[in-house]
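Colleague: Here it is, the structure, as structure tokens.
What follows is the structure, given as structure tokens:
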């Protein structure tokens, strides 16, 4: 009895000691943690995220501000709980100085709250795009160099109203906060112009057979705005195509992503010409951007046909961290105060345009209105039809008024 | 010896059902008698490989059965007419027989079974669940015979049957014994049936074979019957 | 009216897919009392293998055969090497299959990545066909109904009309007795497991043509199979058909009329059935 | 080997008390405290299984019910700092909700047995998961609650590593003692009697279903405490906390440790937490799920009652006795 327990304890103590030693062997390197999803529904996005960090670090030769960089990867599965557990491990056990991540909205909210309990570290958002993360009670050490889900839709409402001439639109979107956020982004312009959203069909997360949701789309809708997660949108597009429905589609940001455009399937023929908007577009006609795409293709021959939005999100985040470190010459002393100040003032010239931060450390960036087009090699890409420069989180409205309209929900906003 | 059981032990969880059964059977029919809960059915199932055996050996025709799958035991020539008949309720009579019938020239065929049990032929399209107790028993016996066994184990074949039916079963058994090519191990509560069919009787008490004796010997000794089985002459009434 | 009709049609066609997936599950449980919680993994394996075959051969029928055969082989190996030894210990078998499904999900992710796959259907199955009242309806979803009926009839014939089927039914009734009359139950079990796996592998190819295939679908189809067979009664083929119809209709009609809680509806039906008939509509105690 | 078990227990207790003074915050909270939180939730399952012969997949959902209740009553980032109830009342209400959930689940679950019960409770867990995901007005839908305020007692936040560790340790010890106590009083003996032979207990005049539902109530209470601690640990709760992965994880923890004895829950939780944190370091960030699945599979196949049983058997083997090798477990 005794010997057994002693041995148990010895074992635990041994493991503890072993890992403690491996960590206490600290060097002068800067430790950067990467948190993305390699498991669960967002796995394809997670693979892109780590590719992005890898490419950014390689470009900097794993050095910033004169110090070497140690990169520690952790993976969650899209659940806030798990993201938090992994973030804790990165911060408390792996002793990273800076954490880049996470991937999805709920995770982002959890990490932002956790950031408040670790004020001496710096958190840079990866790709999570929930509006509240930086709009409501932001954390002083949490930075987001990417636009949020509502920003992503800037320009789309005006474009489909003016150019496509749609007046009545039906919405089919994922029944969760990211869906509400994107719809808000789309509707705030579209409704202001006088357009009507005559029906909103919220489909539960995890729905794979959308046929009956499609059946509910009213005939008098000029177009259908759709927004759901990657794999789900492929199902939707297929079923929409097969149902014989004729109305044109307007794509939420996830639906026009490369992870969807690159997926193999017969629905593809339906996509050409469909409008969408995002913080990046693979059809940007710009030498810097083309160079970025070329580097991606060269570095990741088994990757997508061009870098995806999550890749861009993590790439910009990593680039921002590196730039900040360079500005302070790698000096993270004083609980990283200097580094954070440098981050706040950064003006980054990124492949998709300049990025700067507002007072909540939320990105102000270009948004690209696009249409899906077919490249000469047969692959699909988002052709830029309009650039909306310097979109801020409140979509150009005064902050108080914007916040007062409340968090996006099933019924907010509304213009039937 | 056709069947030779040595030191057979069976446990269910922590409770011991058989502890050290010793039994031998040659060509002549042997009956095992005993009160309820003494382990008779467990003995049958153990021979057939249907319950895990803790210790001991079961040799059939000089071949060890312990550790073999029950289908292997069945293919060696042991057949069981189990307690409660265990007819497959979803199968028709015909399907029961098709299931066990082996191709090639065999002593027992579907035709012969229907000859012996004409009632089964009449009911061949009925499902096992729809049969009466006696019909089920005929079917269970027919199913075992179609395996063309060298040893037939019958566990309480007359249990719950009407007296007329019991007589018919006894007659069938006696006929089989008379033909002489199937050895019979008969488990019986009904002492009258046991004594009428078997030559020798093994008495089972608390998971052991207490004693093996000639059928005539037990028949004659009411004291012994009372002691081992708690029965008296009344039990014979079923047959007489 | 049009919406109700469309939703019902969608429900029936979804039920067809659910039935094909669940038929393998119920067959395996009925014969062996194995709750195969790796059923969803076999669905994924079938779908991915089918995709590989289609990529190599360009043939949809070959993909169907490849998915079914691949899943069958994997299923038989699982049964022979890992499950057969725990016959009768159903909890242990459930746990082993949980472990397998965790490993399978991860290895499939390593092999096929996180992207969604979808089959290029033969041209004749693609698009929609005209129908009264509802206007048009996807051809492949009608084909799905046909496939489900074909699977049902084939299984029915196999179970009712062949000696193998007699063995399966006898095994469901009393597998120990089946062994005692000389039937090699372990072999039959492995074959039945293979058959069940083949069905779900086939369903994987069909399902990823009608919908799509991606990591995470394993858990989804495992859950839907569980719900379908628990409602219908574990081990019963007509039960699986009834359960699939109920669940498919509930999901689609729910999605059409009260989408917010539609996804809960099928689980509520299941709990209601369990509370009223603990072994399902057509099931019976083990 | 001749030292009394009490000495061993005292040593274990003192080790658990000394440990947080030697370890880093990560080892105190993310390993030590979290293993105890997870262990408490798994304990509720082990209690049902070891003594009641029942497998419930809804224990994470039960814990989640308590967690959600506490999140609603407490201050959190969405309620802008206003708590509905003072925290002791909120905790009491949360534990009441968890216990009640356990009772309700039990009423449905005890209508079936064995593997059927496993499946029906899995279905109930899924209902609760989807309910949490779809209800936006009360349960905040897909995002759930984040930034839940953790109470301060006497100026000390319970979220600080040491207070939180000792809170978890005390809860775990008390619940463990509760289980050990319960199984020795008449109620526990009846539960075990029902596990072994429900018909016999029914014929002796015991109301079988009532006792089984009461066992679910006890399990619900234990899980509810785990749910409260888990909410404070994570600072929030979302549908994913009670989804299929989390649900299966509780089973994995209990099985790795051993379903035969309450201590298995904590041993399993410790192993699981270590694996979850360090499997990445062993096999790289890509295939750590394979490792977790493989460890689970090996333990399931090697030992029907997990690591506790394996340990017992290894000891038996070394002593040269065979009886240690036969561990039968009826479920």
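Chains as they are written, first to last, in this note's numbering: chain A, 1 to 416; chain B, 1001 to 1240; chain C, 2001 to 2286; chain D, 3001 to 3331. Note that CB positions come from ideal geometry on N, CA and C, so glycine has one too.
Looking at the strands, I want to know which residues DSSP matches up with residue 1119 of chain B.
Modeller: Here residue 1119 of chain B is taken as the residue at index 119 of the second chain, counted from 1. DSSP, once it has assigned bridges, lists no residue as partnering residue 1119 of chain B.
Colleague: Given a cut-off of 9 Å on the beta-carbon distance, is the pair residue 3148 of chain D and residue 3157 of chain D in contact?
Modeller: Translated into positions along the fourth chain, residue 3148 of chain D becomes position 148. Translated into positions along the fourth chain, residue 3157 of chain D becomes position 157. No, Cβ-Cβ distance for residue 3148 of chain D and residue 3157 of chain D is not below 9 Å.
Colleague: State yes or no: is the beta carbon of residue 3269 of chain D nearer than 9 Å to at least one beta carbon in chain C?
Modeller: Residue 3269 of chain D sits at position 269 when you count from the first residue of the fourth chain. Answer no: the Cβ-Cβ gap between residue 3269 of chain D and chain C never drops below 9 Å.
Colleague: Can you check whether the CB of residue 2195 of chain C is closer than 9 Å to the CB of residue 2073 of chain C?
Modeller: Numbered from its first residue, the third chain carries residue 2073 of chain C at position 73. Numbered from its first residue, the third chain carries residue 2195 of chain C at position 195. Not a contact, by the Cβ cut-off of 9 Å.
Colleague: In terms of residue numbering, what span does the beta strand (DSSP E) encompassing residue 2131 of chain C cover?
Modeller: Your numbering for residue 2131 of chain C matches position 131 in the third chain. 2128 to 2131 is the span of the beta strand (DSSP E), which, as asked, contains residue 2131 of chain C.
Colleague: Cα-Cα, which of C:2203, C:2191 and C:2147 is closest to residue 2290 of chain C?
Modeller: Outside the displayed span of chain C (2001 to 2286) sits residue 2290 of chain C, for which this structure offers no information.
Colleague: Would you mind working out which of D:3139, D:3012 and D:3112 sits nearest residue 3238 of chain D, comparing C-alpha positions?
Modeller: As a working note, residue 3238 of chain D is residue 238 in the fourth chain. That would be D:3139, whose Cα lies nearest to the Cα of residue 3238 of chain D.
Colleague: Check whether chain A comes within 9 Å of residue 2212 of chain C, counting only Cβ atoms and requiring the distance to be less than that.
Modeller: The residue labelled residue 2212 of chain C in the question sits at position 212 within the third chain. Residue 2212 of chain C counts as touching chain A.
Colleague: Identify whether residue 421 of chain A lies in helix, strand or coil by the three-state DSSP scheme.
Modeller: The requested residue 421 of chain A is not part of the displayed model; chain A covers only 1 to 416.
Colleague: Bridge partners for residue 121 of chain A per DSSP, in chain order?
Modeller: If you number the first chain from 1, residue 121 of chain A lands on position 121. DSSP output for residue 121 of chain A lists no bridge partner at all.
Colleague: Using beta-carbon positions only, say whether residue 461 of chain A and residue 184 of chain A come within less than 9 Å of one another.
Modeller: No information on residue 461 of chain A is available, as it lies outside the stretch 1 to 416 that chain A covers here.
Colleague: Do residue 263 of chain A and residue 2115 of chain C count as a contact pair if the criterion is CB distance below 9 Å?
Modeller: Along the third chain, one-based indexing puts residue 2115 of chain C at 115. Along the first chain, one-based indexing puts residue 263 of chain A at 263. Yes. Within cutoff.
Colleague: How would you call residue 1117 of chain B, buried or exposed, if buried means at least 16 neighbouring beta carbons within 10 angstroms?
Modeller: Residue numbering aside, residue 1117 of chain B sits at position 117 when the second chain is read from its first letter. Residue 1117 of chain B comes out buried.
Colleague: For residue 3127 of chain D versus residue 3213 of chain D, is the C-beta distance shorter than 9 Å?
Modeller: Here the question's residue 3127 of chain D lines up with position 127 in the fourth chain. Here the question's residue 3213 of chain D lines up with position 213 in the fourth chain. Contact: no.
Colleague: Could you run through the stretch 3100 to 3131 of chain D and flag, in chain order, every residue whose CB is less than 8 Å away from some CB of chain C?
Modeller: Under the 8 Å Cβ criterion, the stretch 3100 to 3131 of chain D contributes 3108, 3111, 3112, 3114, 3115, 3116, 3118, 3119, 3120, 3122, 3123, 3124, 3126, 3127, 3130 and 3131.
Colleague: Who are the near neighbours of residue 2136 of chain C in its chain, counting only those whose CB is closer than 7 Å to its CB and skipping five residues on each side?
Modeller: For the purposes of this step, residue 2136 of chain C is taken as the residue at position 136 of the third chain. Excluding positions up to five away in sequence, the list reads 2128, 2129 and 2130.
Colleague: Any chance you could list the alpha helix (DSSP H) runs of at least 4 consecutive residues sitting entirely within the stretch 2201 to 2283 of chain C, in chain order?
Modeller: Fully enclosed alpha helix (DSSP H) runs of 4 or longer: 2217 to 2232, 2237 to 2257 and 2259 to 2276.
Colleague: Less than 9 Å between CB atoms is the rule here; does residue 2230 of chain C satisfy it with respect to chain B?
Modeller: By 1-based counting over the third chain, the position of residue 2230 of chain C is 230. Judged by the 9 Å Cβ criterion, residue 2230 of chain C is not in contact with chain B.
Colleague: In terms of residue numbering, what span does the beta strand (DSSP E) encompassing residue 1308 of chain B cover?
Modeller: This structure cannot settle anything about residue 1308 of chain B, because the visible part of chain B is limited to 1001 through 1240.
Colleague: Residue 1069 of chain B touches chain C at which residues, Cβ-Cβ below 9 Å?
Modeller: For the purposes of this step, residue 1069 of chain B is taken as residue 69 along the second chain, with counting starting at 1. Ordered by position in chain C, the residues that pass the 9 Å Cβ test against residue 1069 of chain B are 2179, 2184, 2185 and 2186.
Colleague: State yes or no: is the beta carbon of residue 2264 of chain C nearer than 9 Å to at least one beta carbon in chain D?
Modeller: Here residue 2264 of chain C refers to the residue found at position 264 of the third chain. Yes, contact with chain D.
Colleague: Find the residues of chain C that neighbour residue 2962 of chain D, judging by a C-beta separation of less than 7 Å, and give them in chain order.
Modeller: As shown, chain D starts at 3001 and ends at 3331. That puts residue 2962 of chain D outside it, with no answer to give.
Colleague: Take residue 1158 of chain B and list the residues in its own chain whose beta-carbon comes closer than 6 Å to its own, dropping the five residues that flank it on each side.
Modeller: Reading the second chain from its first residue, position 158 is the one you call residue 1158 of chain B. Closer than 6 Å at the Cβ level, and outside the excluded window around residue 1158 of chain B, lie 1166, 1169, 1190 and 1193.
Colleague: Counting only Cβ-Cβ distances shorter than 8 Å, please list the residues of the stretch 2152 to 2176 of chain C near chain B, keeping chain order.
Modeller: Within the stretch 2152 to 2176 of chain C, the qualifying residues are 2163, 2166, 2167, 2169, 2170, 2172, 2173, 2174 and 2176.
Colleague: If the cut is a Cβ gap below 7 Å, which residues of chain C does residue 234 of chain A touch?
Modeller: Residue numbering aside, residue 234 of chain A sits at position 234 when the first chain is read from its first letter. Residues of chain C passing the Cβ test: 2116, 2118 and 2212.
Colleague: Considering only residues of the same chain and omitting the five flanking positions on each side of residue 2 of chain A, which have a CB-CB separation below 8 Å?
Modeller: Here residue 2 of chain A refers to the residue found at position 2 when the first chain is read from its first residue. Because residue 2 of chain A carries a pLDDT of 42, less than 50, the predicted location of this residue cannot be relied on, and no value is offered for it.
Colleague: Just how far apart, CA to CA, sit residue 2156 of chain C and residue 2141 of chain C?
Modeller: One-based indexing of the third chain puts residue 2156 of chain C at position 156. One-based indexing of the third chain puts residue 2141 of chain C at position 141. One C-alpha to the other measures close to 23 Å.
Colleague: Can you find a C-beta in chain D that's less than 9 Å from the C-beta of residue 21 of chain A?
Modeller: Numbered from its first residue, the first chain carries residue 21 of chain A at position 21. Any reading at residue 21 of chain A is ruled out, since the residue's pLDDT is 43, under 50, leaving its predicted position unreliable.
Colleague: Of the choices B:1003, B:1027 and B:1029, whose alpha-carbon is the least far from that of residue 1062 of chain B?
Modeller: Translated into the one-based positions of the second chain, residue 1062 of chain B becomes position 62. Comparing Cα-Cα distances from residue 1062 of chain B to each of B:1003, B:1027 and B:1029, the minimum goes to B:1003.
Colleague: Can you give me the start and stop residues for the alpha helix (DSSP H) that residue 1085 of chain B sits inside?
Modeller: Along the second chain, read from residue 1 onward, the residue named residue 1085 of chain B stands at position 85. Segment: none, residue 1085 of chain B is in no alpha helix (DSSP H) and carries neither H nor E.
Colleague: Using beta carbons (cut-off 9 Å, strictly below), is residue 402 of chain A in contact with chain D?
Modeller: Position 402 of the first chain, counted from the start, is the residue given in the question as residue 402 of chain A. With 9 Å as the cut-off, residue 402 of chain A does not count as an interface residue toward chain D.
Colleague: Name, please, each residue of chain D whose Cβ falls closer than 8 Å to the Cβ of residue 89 of chain A.
Modeller: As a working mapping, residue 89 of chain A is identified with position 89 in the first chain. Neighbours of residue 89 of chain A on chain D, chain order: 3026, 3030 and 3277.
Colleague: Hey, quick one: how far does the alpha helix (DSSP H) through residue 189 of chain A stretch, first residue to last?
Modeller: Mapped onto the first chain, residue 189 of chain A falls at position 189. Counting along the chain, the alpha helix (DSSP H) containing residue 189 of chain A begins and ends at 177 to 192.
Colleague: Rounded to whole angstroms, how far is the Cβ of residue 1011 of chain B from the Cβ of residue 1054 of chain B, which I believe are closer than 8 Å?
Modeller: Taking the second chain and counting its residues from 1, the one referred to as residue 1011 of chain B is at position 11. Taking the second chain and counting its residues from 1, the one referred to as residue 1054 of chain B is at position 54. At roughly 5 Å, the Cβ-Cβ gap stays under 8 Å, so residue 1011 of chain B and residue 1054 of chain B are in contact.
Colleague: To which residues does DSSP link residue 199 of chain A through a beta bridge?
Modeller: Residue 199 of chain A sits at position 199 when you count from the first residue of the first chain. In the DSSP output, where bridge partners are listed per residue, residue 199 of chain A has A:170.
Colleague: Does any residue of chain A have a CB that is nearer than 9 Å to the CB of residue 3044 of chain D?
Modeller: In the fourth chain, residue 3044 of chain D corresponds to position 44, counting from 1. Answer no: the Cβ-Cβ gap between residue 3044 of chain D and chain A never drops below 9 Å.
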